[in-house]
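J.: My questions will all concern the structure given below.
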Amino acid sequence: EKEMDKQQLLKGKKVLISAGPTREKIDPVRYFTNPSTGKMGYALARQAKALGAEVTLVSGPVNLATPAGVTRIDVTTAEEMHEQMLTHFPDQDLVIKSAAVADYRPRITYDHKMKKSPGDYVVEMERTRDILAELGERKEHQYLIGFAAETQEVERYGREKLDKKNLDGIVVNNVADEGAGFGHDTNASLWMTKSGQVEAFPLMSKDELAEGILRRAAKEMSGDVV
Ligand code: CTP
Ligand code: CA
Numbered sequence: 176e177k178e179m180d181k182q183q184l185l186k187g188k189k190v191l192i193s194a195g196p197t198r199e200k201i202d203p204v205r206y207f208t209n210p211s212t213g214k215m216g217y218a219l220a221r222q223a224k225a226l227g228a229e230v231t232l233v234s235g236p237v238n239l240a241t242p243a244g245v246t247r248i249d250v251t252t253a254e255e256m257h258e259q260m261l262t263h264f265p266d267q268d269l270v271i272k273s274a275a276v277a278d279y280r281p282r283i284t285y286d287h288k289m290k291k292s293p294g295d296y297v298v299e300m301e302r303t304r305d306i307l308a309e310l311g312e313r314k315e316h317q318y319l320i321g322f323a324a325e326t327q328e329v330e331r332y333g334r335e336k337l338d339k340k341n342l343d344g345i346v347v348n349n350v351a352d353e354g355a356g357f358g359h360d361t362n363a364s365l366w367m368t369k370s371g372q373v374e375a376f377p378l379m380s381k382d383e384l385a386e387g388i389l390r391r392a393a394k395e396m397s398g399d400v401v
């Protein structure tokens with residue numbers, strides 16, 4: 176395949192991607208977050224651009240350079256990510272939610288730094304909104320892809336999330352594989368679609384995985400029978 180053909184795959188398509196962690200503040204000097212680096216989402220943005228798409232990247236706090244030609248919108252909290260994703264959703268063709276969104280945030284964010292006192296301290300947490308599930312509810316023409324992190328029963332939990340959030344595709348990562356340091360020669364992620372495909376991706380770089388996912392999505396969006 177020539178470079179020219181590659182740039183046609185998502186030509187004229189609008190692609191919206193979320194990446195990275197969110198950060199939920201307790202006070203001006205403390206917050207809850209997770210170890211997401213944003214690399215997967217940035218790889219998706221870079222590869223979508225390489226396939227000819229017009230790419231918007233909604234990014235949590237990460238240490239990565241913006242891929243060339245990609246429009247980047249920075250957010251910090253799950254609530255800010257929610258706002259940006261819903262605002263940009265209506266006119267997109269393909270939406271991929273690879274961000275690691277906090278499921279909970281402190282019920283109260285203090286304006287001033289808390290001072291320590293003797294004894295334990297309990298932080299009361301409240302649920303954030305599930306951005307992906309809301310996009311699934313509002314979905315019209317968009318092809319919607321989610322990610323899932325699981326440590327067991329990868330296929331079953333992945334299928335549940337695909338159905339429950341009304342997705343077209345899902346990438347399920349077995350985080351136990353990676354975390355435990357074994358299984359590096361086995362499949363680390365599973366691609367599943369509403370249309371019934373189930374495909375294990377062998378261990379590969381995030382850019383390779385991103386291109387693989389985008390090519391499969393582009394094919395389904397074009398109406399090709401896979
Ligand atoms: N997600 C989201 N908003 C949230 C939580 C998750 O949009 N508040 C999205 C993530 O971006 C991801 C997908 O939902 O694409 C799955 O995230 P995951 O943490 O695996 O699943 P949850 O639905 O949060 O369920 P749980 O953490 O309990 O497994
Ligand atoms: Ca979660």
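Residue numbering for the sequence shown follows the UniProt record's numbering, beginning at 176 and increasing consecutively.
Glycine is no exception: its CB is placed at the ideal position from the N, C-alpha and C atoms.
Name the two residues that bound the continuous beta strand (DSSP E) containing M289.
T.: Here M289 belongs to no beta strand (DSSP E), and DSSP marks it neither H nor E.
J.: Which residue spans inside the region 289–346 form an unbroken alpha helix (DSSP H) run of at least 4?
T.: 306–313, 329–339
J.: How about V347 and G333: are their beta carbons less than 9 angstroms apart?
T.: yes
J.: Can you check DSSP and say which residues form a bridge with E199?
T.: F207
J.: For my contact list, P236 and G195 are in at a C-beta cut-off of 8 angstroms; report their separation, rounded to the angstrom.
T.: 6 angstroms
J.: Leaving aside the five residues before and after residue 415 along the sequence, list all residues of the same chain whose C-beta is less than 6 angstroms from its C-beta, in chain order.
T.: What is shown of the chain runs 176 to 401, which leaves residue 415 out entirely.
J.: Measuring CA to CA, which of G213, L191, V204 is closest to E229?
T.: When each option's Cα is compared against that of E229, the closest is L191.
J.: Taking the beta strand (DSSP E) that L269 belongs to, which residues open and close that run?
T.: Its beta strand (DSSP E) spans residues 269–272.
J.: Comparing C-alpha positions only, which one of D268, N341, Q259 sits nearest to R247?
T.: Q259
J.: Any heavy atom of ligand 1 closer than 8 angstroms to the CB of I192?
T.: no
J.: Can you list, in chain order, the stretches of the alpha helix (DSSP H) that have 4 or more residues and sit fully within the region 369–397?
T.: 381–396
J.: Just list the residues that DSSP pairs V190 with in beta bridges.
T.: In the DSSP output, where bridge partners are listed per residue, V190 has V230, L269.
J.: Taking 8 angstroms as the line, does the beta carbon of Y332 fall inside it for any heavy atom of ligand 1?
T.: yes
J.: Going by C-alpha distance, which of L269, R304, T231 is nearest A275?
T.: R304
J.: Check the C-beta distance from A385 over to K340 and give it rounded, since I have them as a contact under 8 angstroms.
T.: Between A385 and K340, the beta carbon gap of about 21 angstroms keeps them out of contact (Cβ cut-off 8 angstroms).
J.: Express the C-alpha separation of A323 and G213 in angstroms, rounding to a whole number.
T.: If you take the alpha carbons of G213 and A323, they lie about 14 angstroms apart.
J.: Can you give me the start and stop residues for the beta strand (DSSP E) that T246 sits inside?
T.: That run of the beta strand (DSSP E) goes 246–249.
J.: Closer than 7 angstroms by C-beta to K314: which residues in its own chain qualify, once you throw out the five before and the five after it? Chain order, please.
T.: For K314, where only same-chain residues beyond five positions count, the Cβ hits under 7 angstroms are N341.
J.: Could you check how far apart the C-beta atoms of Q267 and Q222 are, in whole angstroms? I think they sit under 8 angstroms.
T.: Between Q222 and Q267 the Cβ distance is about 16 angstroms, and since that is not below 8 angstroms, they are no contact.
J.: Could you give the distance in angstroms between the alpha-carbon of A363 and the alpha-carbon of D343?
T.: 20 angstroms
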